[in-house]
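Residues 1 to 232 in my numbering are what the sequence shown lists, from first letter to last. Glycine included, C-beta positions come from ideal geometry on N, C-alpha and C. Structure, as structure tokens:
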Amino acid sequence: MSQKVGLRLPRLRLPAAGVVAVLTAVMSGAQPVAAAPGDVIADIVVPEVYVDGSYGIAKAVAYDGHNLYYAEFGGSTLHRIDMPPPGGPNEVTGHTDIPIIGAIGGIMTIAYDVGRDKFWAVSADGTVIYLIDKMGLALRQFAIDQSTLPGTCRQTSCSPEVKIAYDRTDDTLWYSPDTTRRVYHFQTTGDLLDDAVPVAANPYFDVDVPPNDMNAYCPVGSWASGIATGGS
Numbered sequence: 001m002s003q004k005v006g007l008r009l010p011r012l013r014l015p016a017a018g019v020v021a022v023l024t025a026v027m028s029g030a031q032p033v034a035a036a037p038g039d040v041i042a043d044i045v046v047p048e049v050y051v052d053g054s055y056g057i058a059k060a061v062a063y064d065g066h067n068l069y070y071a072e073f074g075g076s077t078l079h080r081i082d083m084p085p086p087g088g089p090n091e092v093t094g095h096t097d098i099p100i101i102g103a104i105g106g107i108m109t110i111a112y113d114v115g116r117d118k119f120w121a122v123s124a125d126g127t128v129i130y131l132i133d134k135m136g137l138a139l140r141q142f143a144i145d146q147s148t149l150p151g152t153c154r155q156t157s158c159s160p161e162v163k164i165a166y167d168r169t170d171d172t173l174w175y176s177p178d179t180t181r182r183v184y185h186f187q188t189t190g191d192l193l194d195d196a197v198p199v200a201a202n203p204y205f206d207v208d209v210p211p212n213d214m215n216a217y218c219p220v221g222s223w224a225s226g227i228a229t230g231g232s
């Protein structure tokens, strides 16, 4: 049985380090953990130092079955570390920096694709989807014009800060701008103009409309930010 590993890398609270919080997961080949969804099971102290602490907000985190990978907010470096033991805070082991080549302006989030053994990534401004190999080479796949997205996230506009998830069940990508009320669904291949191609059967879903309405759990409003799927 293979399930997802989810991560949360909050803002750096100390000048010299950040903390990665590993959310509940059952790793391929590992023993199940006794924790509820959303519980923090391990903390990791990462070695990066930031003049501006906002850059320590790591939106890009992925697990390939062996290692954890992360990148800073709009970062141009893919960091690889060993999977930590439960508990912590734990010091990082196996830390390797991999420069990302070809993603101008950096990336915001990544999603691991086990079939291709690569990472899908979205640009820091939310307009380009890349496929990045483990050596850091980023190849542009297609572009997304947020102004043309149906409903523009059911907001005045879509945020340039975007999270993505890869769905192996149908080889598609889910695209979730920050605080969106609408999550978009794209093919992994663009059209002849290298523009995004919506999935015809279900091009999006709304998180403020039943059955996906989250208002019961989010009294201040039903919005989505991060996103994950059950298939890698």
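Below 8 angstroms between beta carbons: does that hold for residue i and residue j?
| i | j | result |
| --- | --- | --- |
| Val114 | Arg168 | yes |
| Ala42 | Ile110 | no |
| Arg181 | Cys153 | yes |
| Tyr70 | Ala60 | yes |
| Leu173 | Trp120 | yes |
| Met108 | Val128 | no |
| Arg80 | Thr96 | yes |
| Asp64 | Tyr112 | yes |
Quick one: Cα of residue i to Cα of residue j, how far?
| i | j | result |
| --- | --- | --- |
| Pro203 | Ile144 | 14 angstroms |
| Thr288 | Met135 | Outside the modelled stretch of the chain, which goes from 1 to 232, sits residue 288, for which no answer is possible. |
| Ala138 | Ser176 | 21 angstroms |
| Gly106 | Leu78 | 10 angstroms |
| Pro85 | Ile44 | 9 angstroms |
| Ile98 | Asp194 | 27 angstroms |
| Glu161 | Asp178 | 6 angstroms |
| Gly29 | Thr148 | Reliability of the predicted coordinates at Gly29 is poor, the pLDDT of 38 falling under 50, and no value is obtained from them. |
| Leu23 | Val40 | The pLDDT assigned to Leu23 is 38, lower than 50, so where the model puts this residue is not dependable; a value taken from the coordinates is nonetheless given after this. Distance between the alpha carbons of Leu23 and Val40 is about 5 angstroms. |
| Gln155 | Ser222 | 12 angstroms |
| Asn212 | Gly94 | 40 angstroms |
| Asp133 | Gly151 | 33 angstroms |
| Met214 | Val183 | 14 angstroms |
| Met27 | Gly75 | Per-residue confidence for Met27 stands at a pLDDT of 35, beneath the threshold of 50, marking its modelled position as unreliable; the derived number appears in the next sentence. In a straight line, the C-alpha of Met27 is about 26 angstroms away from that of Gly75. |
| Val220 | Ile164 | 24 angstroms |
| Glu72 | Ser225 | 17 angstroms |
| Met83 | Pro47 | 15 angstroms |
| Lys118 | His66 | 13 angstroms |
| Ala216 | Asp206 | 15 angstroms |
| Ala200 | Gly87 | 44 angstroms |
| Ile101 | Ala124 | 14 angstroms |
| Cys218 | Asp191 | 37 angstroms |
| Leu131 | Pro198 | 18 angstroms |
| Ile104 | Gly230 | 30 angstroms |
| Glu91 | Phe186 | 38 angstroms |
| Tyr166 | Ala228 | 8 angstroms |
| Pro89 | Ala196 | 41 angstroms |
Bridge partners of residue i, per DSSP?
| i | result |
| --- | --- |
| Thr96 | Arg80 |
| Phe119 | Tyr112, Ile132 |
| Tyr50 | Answer is none; Tyr50 lacks a bridge partner. |
| His185 | Trp174 |
| Leu137 | Ile101 |
| Glu91 | Val45 |
| Pro198 | Phe186 |
| Lys163 | Ser176 |
| Ile227 | In the DSSP output, where bridge partners are listed per residue, Ile227 has none listed. |
| Asn67 | Asp82 |
Please report the Cβ distance between residue i and residue j, rounded to the nearest whole angstrom; I am assuming they are in contact, meaning their Cβ atoms lie under 8 angstroms.
| i | j | result |
| --- | --- | --- |
| Gln146 | Gly126 | 6 angstroms |
Determine, using beta carbons only, whether residue i comes closer than 8 angstroms to chain B.
| i | result |
| --- | --- |
| Ser76 | Checking the listed chains, one finds no chain B in this structure; it contains a single protein chain. |
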